[in-house]
Amino acid sequence: MSNRTIRALSAARLAACALAALALVSPQLHAHGSHTHGHGSVRLSIDGGNVEASFDVPLESFLGYDYPPRNPAQAGKLAALRERLADPAGLIEAPAEARCSVVDNRVTPDLASAPDDADISNLIVVVRLRCEQPEALKAFTFSAFRDHPGLKQLRVQLQDGSKRKTVTVRPRFPAITL
């Protein structure tokens, strides 16, 4: 082998090692943030009577699979999820005494218009509430656990004015107190 060939092979190996190292440390190369089946996160922000809950949950936690439906039963599960996500009470509930109403409910990607064969890894659901009696906001119940047995825990980051805390809620204890 000539010196020129050896140098070319060495350069190729070095480039391959550099790309491998970059793939291990570069967050831009990952398709999504946290994606652990059964685990999701929620950012819960309370500002007076305005409440925003932003869910980031793997689709598998809602459906039991995270690929396009492969049979009629899976297609039925996806259709049922589309209907459930239209009602935010299926994800989070404020105390009835707070008299909250939904002012916005968005799902990204939009499952209502997504084709059945779309490959979706995580769902982002943003729910905004307006509460007439904010002083009654003492707790929130994460009702998402009722209809989604694949959902095992939610890591909730709460911001209520100057108070901040992070709590993990699970099906057995699905509420956070303020």
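Read in order, the letters of the sequence shown correspond to residues -31 to -1, 1 to 147 in mature numbering (1 follows the signal peptide of the UniProt record, and there is no 0).
Glycine included, each C-beta is placed from N, C-alpha and C at the ideal position.
CB residue i to CB residue j, shorter than 8 Å?
i    : j    : result
L33  : G119 : Here residue 33 is Gly; the residue named in the question, Leu, does not match the sequence. Yes, these two residues count as a Cβ contact at 8 Å.
A42  : L98  : no
V20  : C69  : yes
F114 : I145 : no
G18  : C100 : yes
Tell me whether residue i is buried or exposed, calling it buried when 16 or more other Cβ atoms sit within 10 Å of its Cβ.
i      : result
G9     : buried
V138   : buried
L147   : exposed
A81    : exposed
A(-12) : Because A(-12) sits at a pLDDT of 40, beneath the cut-off of 50, its placement in the model cannot be relied upon, and the point is left open.
F142   : exposed
A55    : exposed
Name, in chain order, the residues that DSSP records as bridge partners for residue i.
i    : result
V72  : Bridge partners of V72: none, in fact.
A108 : T146
D116 : None; D116 has no bridge partner.
Q128 : S14, R133
H8   : Q122
E62  : T110
R139 : F142
Between which residues of its own chain and residue i is the CB-CB distance below 6 Å, once the five residues before and five after are set aside?
i           : result
I93         : D25, T77
residue 204 : Any answer about residue 204 is impossible in this case: the structure gives the chain only from -31 up to 147.
V95         : S23, R75
P57         : V71, N74, V96
L127        : L13, K134
L105        : In the sequence under discussion, the amino acid at residue 105 is Ala, which differs from the Leu named in the question. P64, E66, A67, listed in sequence order.
In the DSSP assignment, find the beta strand (DSSP E) that holds residue i and state where it starts and stops.
i   : result
E21 : 19 to 27
I93 : 91 to 100
Please return the same chain residues whose Cβ sits closer than 7 Å to the Cβ of residue i, not counting the five positions on each side in sequence.
i   : result
H4  : P27, S90, N91
R53 : G59, D116
In terms of residue numbering, what span does the alpha helix (DSSP H) encompassing residue i cover?
i   : result
R51 : 41 to 54
Kindly say whether residue i, judged by its beta-carbon, lies nearer than 8 Å to any beta-carbon of chain B.
i   : result
L32 : Absence of chain B from the displayed structure is noted, only one protein chain being present.
Closer than 8 Å by C-beta to residue i: which residues in its own chain qualify, once you throw out the five before and the five after it? Chain order, please.
i    : result
K121 : G7, H8, S30, R139, P140
L47  : L32, P38, L80, D85
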